[in-house]
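Asks: Residues in the sequence shown are numbered consecutively from 1, following UniProt numbering. A virtual CB, placed ideally from N, CA and C, is assigned to each residue, including glycine. Please read these numbers as outputs of a predicted model, since none were measured by experiment. My questions will all concern the structure given below.
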Amino acid sequence: MLENLAAQPADALLALIKLHNADPRADKIDLGVGVYRTSEGDTPVFKAIKAAEARLLETQDSKAYLGPEGDMGFVHALIPYVFGKDFDRSKVEGMQAPGGTGAVRLAIEVAKRSGVKRVWMGTPSWPNHAQIIAAAGMELKTFSHMTADGFADLEALKAALAGAEAGDAVLLHGCCHNPTGVDYTEAQWDEIAPLLVERKVLPILDLAYQGLGAGMEADAYGLRKVLSLAPEALVAYSCDKNFGLYRDRVGAFYAVTSDATALANAMANGATIARASWSMPPDHGAAAVRLILADAELTAMWLAELDEMRDRMRWVRDRLAAAQQVGPINMAPLGVQNGLFSMLPLNGEQILAIREKHGVYMAGSGRINIAGLTTGNIDKFVEALRDVA
Numbered sequence: 001m002l003e004n005l006a007a008q009p010a011d012a013l014l015a016l017i018k019l020h021n022a023d024p025r026a027d028k029i030d031l032g033v034g035v036y037r038t039s040e041g042d043t044p045v046f047k048a049i050k051a052a053e054a055r056l057l058e059t060q061d062s063k064a065y066l067g068p069e070g071d072m073g074f075v076h077a078l079i080p081y082v083f084g085k086d087f088d089r090s091k092v093e094g095m096q097a098p099g100g101t102g103a104v105r106l107a108i109e110v111a112k113r114s115g116v117k118r119v120w121m122g123t124p125s126w127p128n129h130a131q132i133i134a135a136a137g138m139e140l141k142t143f144s145h146m147t148a149d150g151f152a153d154l155e156a157l158k159a160a161l162a163g164a165e166a167g168d169a170v171l172l173h174g175c176c177h178n179p180t181g182v183d184y185t186e187a188q189w190d191e192i193a194p195l196l197v198e199r200k201v202l203p204i205l206d207l208a209y210q211g212l213g214a215g216m217e218a219d220a221y222g223l224r225k226v227l228s229l230a231p232e233a234l235v236a237y238s239c240d241k242n243f244g245l246y247r248d249r250v251g252a253f254y255a256v257t258s259d260a261t262a263l264a265n266a267m268a269n270g271a272t273i274a275r276a277s278w279s280m281p282p283d284h285g286a287a288a289v290r291l292i293l294a295d296a297e298l299t300a301m302w303l304a305e306l307d308e309m310r311d312r313m314r315w316v317r318d319r320l321a322a323a324q325q326v327g328p329i330n331m332a333p334l335g336v337q338n339g340l341f342s343m344l345p346l347n348g349e350q351i352l353a354i355r356e357k358h359g360v361y362m363a364g365s366g367r368i369n370i371a372g373l374t375t376g377n378i379d380k381f382v383e384a385l386r387d388v389a
């Protein structure tokens, strides 16, 4: 039967990694892999995570199953950071998921079981989101997320919502939009939130980079604005980036509604979907996060490390923006974008040229991971752009 399987295209990012690793040039630059890196090029384990893991090693007395809902202490500890300290806890419940991807999959599947047939999504977006929607057998409708000059395309979202039907869902990134780095401003979220309610669409909010944009509170503004008005919503959350737990796959799925029965049913359906998908989420990373959030000293240590990450990425963005015009590329918008990623308006020929001539590796879409830039290579990168743009 396996002979009936069709060949699948190779993953472009994995292929890019192999090309980079095989490149013998000492000054090559990797802007493809989507993980944070220090100015030395490392992706370290947070000191707060190390301390929590040491405590976990000493105190954890069982590796027994926790159930498809995972570590509920972890899930509940995140709530004040995601939804705000004063959010009505009776309106929200959640469960652990394997990373933000698992949380998005749960959100899409729960939306489908709720009767949603069509999901609206801004593009360009993280490729997995479209794949998840397709795998769930739902219709995908797209709209432009970014204008040609590198800012959020609010008018395109408004037009999409005008064409949406009651009972559709809209998938929105909370902050540090992947892959563009282009976020809606607070004033724009103030316009978006009432439109979601007016059109009677279900908001699905993906908050995968909280703390890496403007800070933990500021990065939650859009989500909280929507939830202050919308009667219900689904939320996908990731700790993979803001706790550096990439390979441990630490995420959470939340449902928000003032109807207690609907909330209980959302969790029951989520647990059923999880049981049939991965059975139980991985425990270790979530347990470490729970310990950090339960200890004021560890929390302060984690937030300080997060501040350091954010400051470094802001430095990179400011340096890139200071270059202003590099050939036809206006670099200024990179200074007001957020998070790990930005997209440069380069075509395939230019991306290949910058790789072959200068050893700069980036995705074929023009997405760059700005954390791959350091004091030692950022000027080389700008000059490489100037040479091929």
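Report yes if the C-beta distance between residue 338 and residue 34 is below 9 Å; otherwise report no.
Replies: no
Asks: Enumerated in chain order, which unbroken segments of the beta strand (DSSP E) with a length of 3 residues or greater are wholly contained in the segment 336-386?
Replies: 341-343, 367-369
Asks: Which ranges does the alpha helix (DSSP H) cover as unbroken runs of at least 4 residues, wholly within the segment 52-132, from first to last along the chain?
Replies: Fully enclosed alpha helix (DSSP H) runs of 4 or longer: 72-83, 99-113.
Asks: I'd like to know whether the C-beta atoms of residue 202 and residue 169 end up nearer to each other than 9 Å.
Replies: yes
Asks: Whose CA, out of 112, 119, 135, lies closest to the CA of residue 163?
Replies: Put simply, of 112, 119, 135 the residue whose alpha carbon is nearest the alpha carbon of residue 163 is 119.
Asks: Using beta-carbon positions only, say whether residue 174 and residue 153 come within less than 9 Å of one another.
Replies: no
Asks: What three-state label does DSSP hand residue 182 in the structure shown?
Replies: coil
Asks: Going along the chain, which unbroken runs of the beta strand (DSSP E) with 3 or more residues stay wholly within the segment 137-184?
Replies: 139-144, 169-173
Asks: Using DSSP with H/G/I as helix, E/B as strand and the rest coil, what is residue 231?
Replies: Residue state, collapsed to three classes: coil.
Asks: May I ask you to report which of helix, strand or coil DSSP gives residue 248?
Replies: DSSP places residue 248 within a helical segment (H, G or I) once states are collapsed to three.
Asks: Taking the continuous beta strand (DSSP E) assigned at residue 259, which residues delimit it?
Replies: Premise fails: residue 259 is in no beta strand (DSSP E) and is neither H nor E.
Asks: Does the segment 125-143 touch the segment 303-317, meaning 3 or more C-beta pairs lie closer than 8 Å?
Replies: no
Asks: Taking only heavy atoms of the ligand FAD into account, decide whether any of them is closer than 8 Å to the Cβ of residue 234.
Replies: Ligands are entirely absent from the displayed structure, and the ligand FAD is therefore not among its contents.
Asks: Can you have a look at residue 264 and say buried or exposed, based on whether 16 or more other CB atoms are within 10 angstroms of its CB?
Replies: With fewer than 16 Cβ atoms within 10 Å of its Cβ, residue 264 is classed as exposed.
Asks: Under 8 Å Cβ to Cβ from residue 97, same chain only, skipping five residues before and after it: list those, please.
Replies: 70, 103, 105, 106, 236, 251, 252, 253, 274, 281
Asks: Quick test of the definition: if touching needs 3 or more C-beta pairs under 8 Å, does the segment 286-298 touch the segment 72-81?
Replies: yes
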